[in-house]
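First up is the structure itself, then whatever we jot down about it.
In the working numbering, the protein residues as written are 1126 to 1739.
And the structure:
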């Protein structure tokens, strides 16, 4: 009787069927029976390892893959499989060695670049992850899973335009596994696709035998969109943490509960949950986000030293993960905000070509200011008025400035070389971007809120010289503290916010740039101090209404319900703006006054200019 005639020995086809079904125990038993009779069968040996991995026994699987690699050292699949098993066992350095052995044998293989990219994500090296995952996507551009994972790495690197390009065709994708669907849902939610994300995550939760990760992700998406009742209902679907066997799923569930505890003002509960997570073994890719959240909780509870220590850890990890993307910003003596050093000289401005420009009612209203100065609050107030239409924070002016520099125009002196045709082409490009996001109704004016358009006043002046500009101000120390407590995805801004000293230098550079160009270009500007808005909302709304020539300006005060109904708000202020105007953001820096002492000399000119106490 031959091997295949023995009914106790499964066929290879049966083993493959068990693999397809994800039945690791059946696959392991069948492979061991088969190998007892034919121990040299390499395919079935590989299937045995797969069965072990399906059961979570990654280290045992790695030993099987290692033996296969020893028998066939020129076969890249064995090294790749060994790397994956080691990665699952969290032996990341050894996994990298195995993957590199595989890549040396098959340098163009998309799967190998994909696995190296996932490993780099696990290590928190997002620059390397993006490179590997974009290489994998280039080798197999139609594979949805490669597009999703490349988009994840691009998001971590602040490459948001590439993210949108990678996931744009998602509705045409079929047969995505649930893990990839959960990642896709998270990406869609980050750009405002909340409804689609919620639908995908609910589908995953309904299908998965252990749906905890889907419910946890759903909590975060709903909380981020200010759909708090739904988020609380999703939290209720999570089992107790101790009942969740898989470590990553348990971590995600505790984090989701902590996020909702923060949102509901249960700060001690959030403190206990996050402190427990940080005391354990933390995935490097999650470390900085946990530390930032813990810092904000400690700040609320008055644990100032713990807050600053958590911030320091978070920033160190974040800068380490993006250092390869912006090495010039980390060079000794580098300016905090390089673009802020450029000036449009009076002579070059005087020599600028005359160009036609749109009237004020055909021009955007620009809201600018250093980040965390109250720009989101002003945007939501303006968006609540029927004569205005906001589009959330978009980098359209930044894109135009980069386009000009790529075309060889000096920034900003080269702006004067642009003739009518060039300016009109830039305006058309700007409006194409806008109309891809929002289309103001007839008679409505666009509100373009982007804080660091503060540094693009020369471009605003060249393209839309009649535009009104609202400058948001807040006590510089409160601004710096708020920035320091936040995780920003932009690599340049992550470096800028990495210390209070770096932030103070960046603030001074930005404001010096603004004040120079405001004096030179004489735009229509209204400065609105956050503190004045809190103390006298009716009076400040009247000022805004008069400046923008709005009828019934009191409608600006209806923003709270409007913002809540809007759902997704892209900035870290998404939770604050639905609370209405309050005093929570005033003088938060005072308990940290000793830490601000070294940077106050840098800030003093701006404290004095805008009448802030030191």
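Ideal Cβ positions, reconstructed from N, Cα and C, are used throughout, including at glycine.
TODO: Taking residue 1447 as part of the alpha helix (DSSP H), name the residues at either end of that continuous run.
DONE: Residue numbering aside, residue 1447 sits at position 322 when the chain shown is read from its first letter. Residue 1447 -> alpha helix (DSSP H) spans 1429 to 1447.
Open item on the list: Just to confirm my understanding: we take residue 1499, look at its own chain, exclude 5 residues before and 5 after, and list those with CB closer than 6 Å. What are they?
Closed with: What you label residue 1499 is simply residue 374 of the chain shown in a count that begins at 1. Cβ neighbours of residue 1499 beyond the five flanking positions: 1597, 1599, 1655.
TODO: With DSSP collapsed to three states, give me the class of residue 1411.
DONE: By one-based count along the chain shown, residue 1411 stands at place 286. Note: residue 1411 maps to helix in three-state DSSP.
Task: Distance between residue 1708 and residue 1516 (C-alpha atoms, nearest Å) - done: In the chain shown, counting from the first residue as 1, residue 1516 sits at position 391. In the chain shown, counting from the first residue as 1, residue 1708 sits at position 583. Whole-angstrom Cα-Cα distance: 27 Å.
Task: Short Cβ contact (9 Å threshold) for residue 1470 with residue 1544 - done: Working through the chain shown from its first residue, we reach residue 1470 at position 345. Working through the chain shown from its first residue, we reach residue 1544 at position 419. Taking 9 Å as the Cβ cut-off, residue 1470 and residue 1544 do not qualify as a contacting pair.
- [ ] Below 7 Å CB to CB, which residues in the same chain sit around residue 1092 once its five sequence neighbours on both sides are set aside?
- [x] A query on residue 1092 cannot be resolved here, the shown segment of the chain reaching from 1126 to 1739 and no further.
Open item on the list: Could you compute how far the alpha carbon of residue 1558 sits from the alpha carbon of residue 1605?
Closed with: By one-based count along the chain shown, residue 1558 stands at place 433. By one-based count along the chain shown, residue 1605 stands at place 480. Approximately 31 Å, taken between the alpha carbons.
Open item on the list: Looking only at its chain, what residues have a beta carbon closer than 7 Å to the beta carbon of residue 1631, apart from the 5 residues adjacent to it on each side?
Closed with: In the chain shown, the residue the question calls residue 1631 occupies position 506. Only 1461, 1462, 1621 meet the Cβ criterion.
Task: Delimiting residues of the beta strand (DSSP E) encompassing residue 1454 - done: Sequence index remark: in the chain shown, residue 1454 carries index 329 (1-based). It is not in any beta strand (DSSP E) - residue 1454 carries neither H nor E in the DSSP assignment.
- [ ] Give a yes or no on whether the C-beta atoms belonging to residue 1238 and residue 1226 are separated by under 9 Å.
- [x] Mapped onto the chain shown, residue 1238 falls at position 113. Mapped onto the chain shown, residue 1226 falls at position 101. Result no, Cβ atoms of residue 1238 and residue 1226 do not sit closer than 9 Å.
Open item on the list: For residue 1344 and residue 1562, I'd like the C-alpha separation in whole angstroms.
Closed with: Sequence index remark: in the chain shown, residue 1344 carries index 219 (1-based). Sequence index remark: in the chain shown, residue 1562 carries index 437 (1-based). Distance between the alpha carbons of residue 1344 and residue 1562 is about 26 Å.
TODO: Return the CA-CA distance between residue 1442 and residue 1301, expressed in angstroms with no decimal places.
DONE: One-based indexing of the chain shown puts residue 1442 at position 317. One-based indexing of the chain shown puts residue 1301 at position 176. Between residue 1442 and residue 1301, the C-alpha separation is close to 32 Å.
TODO: Please determine if the segment 1635 to 1646 and the segment 1574 to 1589 are in contact, where contact requires at least 3 C-beta pairs separated by less than 8 Å.
DONE: yes
Open item on the list: Along the chain, where does the beta strand (DSSP E) containing residue 1652 start, and where does it finish?
Closed with: Residue mapping note: residue 1652 aligns to position 527 of the chain shown, counting from 1. Element bounds for residue 1652: 1649 to 1654.
Open item on the list: Tell me whether the segment 1427 to 1435 and the segment 1385 to 1395 touch, counting them as touching only if at least three CB pairs, one residue from each stretch, are closer than 8 Å.
Closed with: no
- [ ] Rounded to whole angstroms, what's the CA-CA distance from residue 1212 to residue 1220? Just pull it up for me.
- [x] The sequence position of residue 1212 within the chain shown is 87, counting from 1. The sequence position of residue 1220 within the chain shown is 95, counting from 1. Looking at the two C-alpha atoms, the distance is approximately 5 Å.
TODO: Have a look at 1397, 1418, 1410, 1496 and flag the residue whose alpha-carbon is nearest the alpha-carbon of residue 1254.
DONE: Taking the chain shown and counting its residues from 1, one reaches residue 1254 at position 129. Residue 1410 is the option with its Cα nearest to residue 1254.
Task: Between the CA atoms of residue 1589 and residue 1664 - distance to the nearest angstrom - done: The residue you call residue 1664 lines up with position 539 of the chain shown. The residue you call residue 1589 lines up with position 464 of the chain shown. If I take the Cα positions, the gap works out to 28 Å.
- [ ] Taking only runs that begin and end inside the segment 1559 to 1633, name each unbroken alpha helix (DSSP H) of 4 or more residues, in chain order.
- [x] 1582 to 1588, 1601 to 1609, 1616 to 1621
Open item on the list: For the structure I just gave you, are there three or more beta carbon pairs, one from the segment 1611 to 1626 and one from the segment 1445 to 1465, closer than 8 Å?
Closed with: yes
Open item on the list: Just list the residues that DSSP pairs residue 1173 with in beta bridges.
Closed with: Here residue 1173 refers to the residue found at position 48 when the chain shown is read from its first residue. Beta-bridge pairing links residue 1173 to no other residue.
- [ ] Use the C-beta contact count for residue 1560: other C-beta atoms within 10 angstroms, 16 or more gives buried, fewer gives exposed.
- [x] Position 435 of the chain shown, counting from 1, holds the residue named residue 1560. It is exposed - the Cβ of residue 1560 has fewer than 16 other Cβ atoms within 10 Å.
TODO: Could you name the residues of the same chain whose beta carbon sits closer than 8 Å to that of residue 1712, not counting the 5 residues immediately before and after it, in chain order?
DONE: As a position in the chain shown, residue 1712 is number 587, starting the count at 1. Answer for residue 1712: 1600, 1603, listed in chain order.
Open item on the list: If you follow the beta strand (DSSP E) that residue 1133 is in, where does it begin and where does it stop?
Closed with: In the chain shown, counting from the first residue as 1, residue 1133 sits at position 8. Under the DSSP assignment, residue 1133 falls outside any beta strand (DSSP E); it carries neither an H nor an E label.
Open item on the list: Using a Cβ-Cβ cutoff of less than 7 Å, which residues in the same chain neighbour residue 1554 once the five nearest sequence positions on both sides are dropped?
Closed with: Residue mapping note: residue 1554 aligns to position 429 of the chain shown, counting from 1. Closer than 7 Å at Cβ, skipping near neighbours: 1525.
Open item on the list: Given this structure, state the Cα-to-Cα distance separating residue 1734 from residue 1494, to the nearest angstrom.
Closed with: Here residue 1734 refers to the residue found at position 609 of the chain shown. Here residue 1494 refers to the residue found at position 369 of the chain shown. Going by the C-alpha atoms only, they are around 15 Å apart.
- [ ] Enumerate, from N- to C-terminal direction, the unbroken alpha helix (DSSP H) stretches of 4 or more residues contained entirely within the segment 1259 to 1323.
- [x] 1269 to 1281, 1285 to 1292, 1303 to 1315
Task: Outcome for residue 1299 when other beta-carbon atoms lying within 10 angstroms are tallied against a minimum of 16 - done: Here the question's residue 1299 lines up with position 174 in the chain shown. Residue 1299 is exposed by the Cβ-count criterion.
Task: DSSP state of residue 1493 mapped onto helix, strand, coil - done: Reading the chain shown from its first residue, position 368 is the one you call residue 1493. Here residue 1493 sits in strand by DSSP.
Open item on the list: Buried or exposed, going by whether 16 or more other CB atoms sit within 10 Å of the CB of residue 1269?
Closed with: Here residue 1269 corresponds to residue number 144 of the chain shown, with the count starting at 1. Buried is the call here.
Open item on the list: Just list the residues that DSSP pairs residue 1514 with in beta bridges.
Closed with: Numbered from 1 along the chain shown, position 389 holds the residue referred to as residue 1514. Residue 1514 pairs with 1571.
TODO: May I ask you to report which of helix, strand or coil DSSP gives residue 1391?
DONE: Residue numbering aside, residue 1391 sits at position 266 when the chain shown is read from its first letter. Of the three classes helix, strand and coil, the one that applies to residue 1391 here is coil, per DSSP.
- [ ] Keeping to the same chain, check which residues put their C-beta closer than 7 Å to that of residue 1095; ignore five residues upstream and five downstream.
- [x] The shown model of the chain, from 1126 to 1739, leaves out residue 1095, and the question about it has no answer.
TODO: Classify residue 1333 as helix, strand or coil using the three-state DSSP reduction.
DONE: Along the chain shown, one-based indexing puts residue 1333 at 208. In the structure shown, residue 1333 sits in coil (DSSP, three-state: anything other than H, G, I, E or B).
Open item on the list: Please list the terminal residues of the continuous alpha helix (DSSP H) segment that includes residue 1718.
Closed with: Indexing the chain shown from 1 puts residue 1718 at position 593. Its alpha helix (DSSP H) spans residues 1718 to 1721.
- [ ] Take the Cβ of residue 1556 as the centre, count every other Cβ of all protein chains shown within 10 Å, and call the residue buried at 16 or more, exposed below.
- [x] Taking the chain shown and counting its residues from 1, one reaches residue 1556 at position 431. Exposed, because fewer than 16 other Cβ atoms sit within 10 Å of the Cβ of residue 1556.
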